[in-house]
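Asks: Can you keep this structure in mind? I'll have questions shortly.
Protein chains: 2
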Amino acid sequence: MKEINIGLLGCGTIGTGTAKILIESKDLISSRVGTALNLKRIADIDINRDRGIKFHEGVLTTDALGVVDDPEIDIIVELIGGEGIAKDLILRAINNGKHVVTANKALLASHGNVIFKAADEKGVDLAFEASVGGCIPIIKTLRETLVGNRINSMIGILNGTCNYILSKITDDKSSFENALSEAQANGYAEADPTLDVEGIDTAHKLAILSSLAYGMEINLNDIYIEGISEITPLDIEFAGQFGYRIKLLAISKNRGNKVETRVHPTMIPFDNLLSNVNGALNAITVSGDAVGNIMLYGHGAGMMPTASAVVSDTVDLARNLLSGAIKRVPLLSYQMESIKKIPVMPVDEILTNYYFRFSVLDQPKVLSKISGILGDHGISIKSVHQKGRKSKGSVPIVMLTHLAGEAGVKKALSEIASLEIVKDKPVLIRIEDKNSQD
Amino acid sequence: MKEINIGLLGCGTIGTGTAKILIESKDLISSRVGTALNLKRIADIDINRDRGIKFHEGVLTTDALGVVDDPEIDIIVELIGGEGIAKDLILRAINNGKHVVTANKALLASHGNVIFKAADEKGVDLAFEASVGGCIPIIKTLRETLVGNRINSMIGILNGTCNYILSKITDDKSSFENALSEAQANGYAEADPTLDVEGIDTAHKLAILSSLAYGMEINLNDIYIEGISEITPLDIEFAGQFGYRIKLLAISKNRGNKVETRVHPTMIPFDNLLSNVNGALNAITVSGDAVGNIMLYGHGAGMMPTASAVVSDTVDLARNLLSGAIKRVPLLSYQMESIKKIPVMPVDEILTNYYFRFSVLDQPKVLSKISGILGDHGISIKSVHQKGRKSKGSVPIVMLTHLAGEAGVKKALSEIASLEIVKDKPVLIRIEDKNSQD
């Protein structure tokens, strides 16, 4: 049987891991595929660094275009990342009729509709398991396993940096800043952590998953995004007292002819399995009309786990090539002509449970004023708690609500914030509870 | 594109669920596959029962052979179960060149080597995701996702009946008998629960998974099996005091040129995610050299979750048929010629941590006698606890050990059991702990 030739673009952390598996586990892979996968060329700007792998002479090159244009290469694996040169190289590879594996969530979330269309028209495959959840097989599960299900909802912890930081604040009472520094020192967070801590990386992944789950065009722009930089140890502590942990969640819900897609810090009860997913780990629960709830859990980042997903994609495409079954599974889970623009529900229209924390002067009638305003906006209070001690003349009041509409909540909180008796900006954290709609 | 014709054998619970999805979600499936999956014929001994589905006239038949021999049928879905007629029908379908989907773990665990060989020789596909873990995509994960990994170990809760019973004893302090009756009343346990509670069903599943993980022939006979019928509320309570829950686990470990495969009640620490998998749910963790640990969780049984897995298998085979890619993935994960007979390590050779409970007379020197015998057999004690009150003249002594060899443990316990000061049979429960070998 013919060997499959692979060209790798980008030999940083994930690229090195991928090369390691393809070279050191070549026999294992070949005993499963029935033929050898040959890592023919690797393009990187730095070809001299010691990567701990013995490459054959001439494998490493700085000439990425040469790899993409190499007529002997069957599959291009793009691990450069970002939306610049990676996009040009992928489109050129597609245009050259090569099949593509990528881990580039930022690129797919922002330019996926163009890239998938190009691949479809050219009749090549594009695999992207490593773009969401590292080694967790969520893409394959949505594209293949759940093929007979209508997806009701997906809820995931999809960013290891944020989960590491929140776990640190929760378990070690660190401040956000200290937890972030530690994440950086341990290599879990980038020098510029904005994409991670502001929820943007999570949104990239949610945009991809929502498209696969509901058969919709990729839509990053309409995802509501809130990061974790304003989460305080105080709210995490109060959450714990009510039986909740705070996680940065990607939430996506099927609302018939609309979808909800949002990323924000969320309280989830201790008995939700996701609340036990700590440190840099990722997990995602999917609810489908036939399967009920399933959960997939694993390392969402890191050299070898992500490389494992890249290799499984590469093998998938190699198997398609060997059996002449290109595009055996449609790129975005549904046949191209079935993919619709499904509108995203504006965040103001969502219904959920809320946690509020107000810093108020310790005076009579404070509670009646606040609850009056909430009542005016149709927000029904489930419980009120005067928590903790007076600090700088004010005391914290915490409220949990029944299901309430986001629009009313925003108006009420803005009115409450303007009261003289209320100090600081009110804190709002959404709760994903048993009574939350699927 | 050509329609794919399906013949269904057995229309009980899972069969009815499968028919429901194929009929009621026909458009959804077709928008993903690009062609219709047509449920052409269904064979069952009872064709008159109301199944809540509207079948076209002539679809239901009592003539299973007629379905298997129907030249227009492409894929046979076997949901009869058991090792009798199901085996004959599957072999006949294979011989007729039809592709086969089955959920029949008992059959595959006992006769898989013959059946897979027949399918390989005839060049047909055989899919069996629903045979292990219901809707949990563990077969696809082992065959496809982890293709670049050496599997170190797998640990799973694979039987919903046992997990339901153990959860009931743990959370509601039920006796084993009451928990079993409740499981039967709720439809989680069969009238004859032997296959489930004695661990045999779990062993069937472990035999299949071990073959896929390590590239070995299916070997049911050498799996060490211990059921849950002797687990008492007392041991569950003591386990809780040490920070453990008791679960019936399927454990499989790669030991180089041997494998460990065993099924027994096991103590696992609270912070192991598996300890939070309760009720009738299933989960499995897989440890691979690249991925680290992943966990998959979901309904391991039940009409619609299992039917969801059957449908995804059926779609997989339909896609292979449509793209001419039969046997794109080797049946047992490795190419047939790479599959080896890997010996199973006798249970006496395993090393693990143990919990012992002895009922002893409340006399001096009891502890020194028992610990002396354990020491003679090289068993090092981690902690000793005199637990609970005197009952019928004896008191319970509980011990936790460091890593110890099973052979020595058995000899020591047999010597200890014969002491006059020891009443009742000593209790032994294995512990899967952080220091357990992968």
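Protein chains in written order, with the working numbering: chain A, 1 to 438; chain B, 1001 to 1438.
The beta carbon of each residue, even a glycine, is placed where N, CA and C say it ideally should be.
Computed from a predicted structure; not experimentally measured.
Determine the chain B residues that contact P233 of chain A at a beta-carbon separation under 9 Å, and present them in chain order.
Replies: Result: empty, since nearest Cβ-Cβ is about 22 Å, beyond 9 Å.
Asks: DSSP three-state label for Y354 of chain A, please.
Replies: Looking at Y354 of chain A - three-state DSSP - the assignment turns out to be strand.
Asks: Does the beta carbon of L1346 of chain B come closer than 8 Å to any beta carbon on chain A?
Replies: According to the sequence provided, residue 1346 of chain B is Pro. The question's Leu does not apply to it. Not closer than 8 Å to any Cβ of chain A, the Cβ of P1346 of chain B fails to qualify, so no.
Asks: In its own chain, which residues sit with a C-beta less than 6 Å from the C-beta of M304 of chain A, not counting the 5 before and 5 after it?
Replies: So the list reads G17, once near-sequence residues are dropped.
Asks: For G58 of chain A and L37 of chain A, I'd like the C-alpha separation in whole angstroms.
Replies: Those two C-alpha atoms are separated by around 17 Å.
Asks: Quick check: the Cα distance between P1269 of chain B and G1408 of chain B, rounded to an integer number of angstroms?
Replies: In a straight line, the C-alpha of P1269 of chain B is about 25 Å away from that of G1408 of chain B.
Asks: Counting pairs of beta carbons, one from the segment 1205 to 1214 of chain B and one from the segment 1137 to 1149 of chain B, are three or more of them closer than 8 Å?
Replies: Because the criterion of three Cβ pairs below 8 Å is met, the segment 1205 to 1214 of chain B and the segment 1137 to 1149 of chain B touch.
Asks: By the criterion of Cβ-Cβ separation under 8 Å, what are the contact partners of G1097 of chain B in chain A?
Replies: Neighbours of G1097 of chain B on chain A: none; closest Cβ ~18 Å, over 8 Å.
Asks: Residues of chain B with CB closer than 8 Å to the CB of Q363 of chain A, please, in chain order.
Replies: Under the 8 Å cutoff, chain B gives no residues; its nearest Cβ is about 44 Å from Q363 of chain A.
Asks: Determine, for H1299 of chain B, whether the minimum Cβ-Cβ distance to residues of chain A falls below 8 Å.
Replies: Closer than 8 Å to some Cβ of chain A, the Cβ of H1299 of chain B qualifies, so yes.
Asks: At what residue ranges does the segment 1097 to 1168 of chain B contain a whole run of the beta strand (DSSP E), taking only runs of 3 or more?
Replies: Complete beta strand (DSSP E) runs here, min 3: 1099 to 1102, 1151 to 1157.
Asks: Taking buried to mean at least 16 other C-beta atoms within 10 Å of its own C-beta, is R49 of chain A buried or exposed?
Replies: Answer is exposed; the Cβ neighbour count stays below 16.
Asks: Which residues of chain A have a Cβ atom closer than 9 Å to the Cβ of P1137 of chain B, listed in chain order?
Replies: By Cβ distance, chain A contributes P137, K140, T141, E144, T145, L146, I294, L296.
Asks: Would you mind working out which of B:T1170, B:I1223, B:N1320 sits nearest D1125 of chain B, comparing C-alpha positions?
Replies: Nearest option by C-alpha distance: B:N1320.
Asks: Using 8 Å as the limit for Cβ to Cβ distance, is S333 of chain A near chain B?
Replies: Chain B, which has a Cβ nearer than 8 Å to the Cβ of S333 of chain A, makes this yes.
Asks: Just to confirm the assignment, what range does the alpha helix (DSSP H) spanning I29 of chain A have?
Replies: Where I29 of chain A is concerned, the enclosing alpha helix (DSSP H) stretches over 26 to 33.
Asks: Taking just the CA atoms, how far does G1034 of chain B sit from S338 of chain A?
Replies: The alpha-carbon atoms of S338 of chain A and G1034 of chain B are separated by roughly 9 Å.
Asks: Let me know the secondary structure DSSP gives S287 of chain A once reduced to three states.
Replies: In this structure, S287 of chain A counts as strand in the three-state DSSP scheme.
Asks: What first and last residue would you give for the beta strand (DSSP E) that runs through Y1297 of chain B?
Replies: From DSSP, the beta strand (DSSP E) with Y1297 of chain B extends over 1292 to 1299.
Asks: Return the CA-CA distance between R92 of chain A and I23 of chain A, expressed in angstroms with no decimal places.
Replies: The alpha-carbon atoms of R92 of chain A and I23 of chain A are separated by roughly 26 Å.
Asks: Counting only the same chain and skipping the five closest in sequence on each side, list residues whose C-beta sits under 6 Å from that of A179 of chain A.
Replies: Taken in chain order, the residues that qualify are I165, K168, I169.
Asks: Quick one: residues in its chain with C-beta nearer than 7 Å to the C-beta of D1289 of chain B, no 5 flanking neighbours on either side, listed in chain order?
Replies: Counting only Cβ-Cβ distances below 7 Å, and skipping sequence neighbours, we find N1149, R1150, N1152.
Asks: Determine, using beta carbons only, whether V1067 of chain B and I1073 of chain B come nearer to each other than 8 Å.
Replies: Cβ atoms of V1067 of chain B and I1073 of chain B: closer than 8 Å.
Asks: Which residues mark the beginning and the end of the alpha helix (DSSP H) in which H264 of chain A is found?
Replies: Where H264 of chain A is concerned, there is no enclosing alpha helix (DSSP H), although the beta strand (DSSP E) it sits in stretches over 259 to 269.
Asks: Could you work out which residue in A:N163, A:S287, A:T194, A:D313 is closest to T1145 of chain B when comparing CA atoms only?
Replies: Comparing Cα-Cα distances from T1145 of chain B to each of A:N163, A:S287, A:T194, A:D313, the minimum goes to A:D313.
Asks: 8 Å is my cut-off, CB to CB: does I29 of chain A come that close to chain B?
Replies: Yes, I29 of chain A counts as interfacial toward chain B.
Asks: Excluding the 5 residues flanking T401 of chain A on each side, which residues of the same chain have their C-beta closer than 7 Å to its C-beta?
Replies: N353, Y354, I379, S380, I381, K382, listed in sequence order.
Asks: Can you list the residues of chain B that D316 of chain A reaches, using a CB-CB cut of under 8 Å?
Replies: Result: E1144.
Asks: DSSP on N95 of chain A, reduced to helix/strand/coil?
Replies: DSSP places N95 of chain A in helix when its eight states are reduced to three.
Asks: At a CB distance below 7 Å, what residues from the segment 1273 to 1286 of chain B approach chain A? Give them in sequence order.
Replies: From the segment 1273 to 1286 of chain B, only L1273, N1276 have a Cβ closer than 7 Å to chain A.
Asks: Taking only beta-carbon positions, decide if A179 of chain A is within less than 8 Å of chain B.
Replies: It does not; no Cβ of chain B falls within 8 Å.
Asks: Using a C-beta to C-beta distance shorter than 8 Å, which residues of chain B count as neighbours of M304 of chain A?
Replies: Near M304 of chain A (Cβ distances below 8 Å), the residues of chain B are D1289, A1290, V1291, G1292.
Asks: Tell me, which residues are paired with V311 of chain A by DSSP?
Replies: According to DSSP, which records beta bridges pairwise, V311 of chain A is partnered with nothing at all.
Asks: Give the DSSP bridge partners of T232 of chain A, in chain order.
Replies: Paired residue(s): none; T232 of chain A is not in a bridge.
Asks: Do M216 of chain A and K341 of chain A have their C-beta atoms closer together than 8 Å?
Replies: A contact, by the Cβ cut-off of 8 Å.
Asks: Could you give the residue range of the alpha helix (DSSP H) that holds Q1184 of chain B?
Replies: It spans 1176 to 1185 - the alpha helix (DSSP H) in which Q1184 of chain B sits, taken as one unbroken run.
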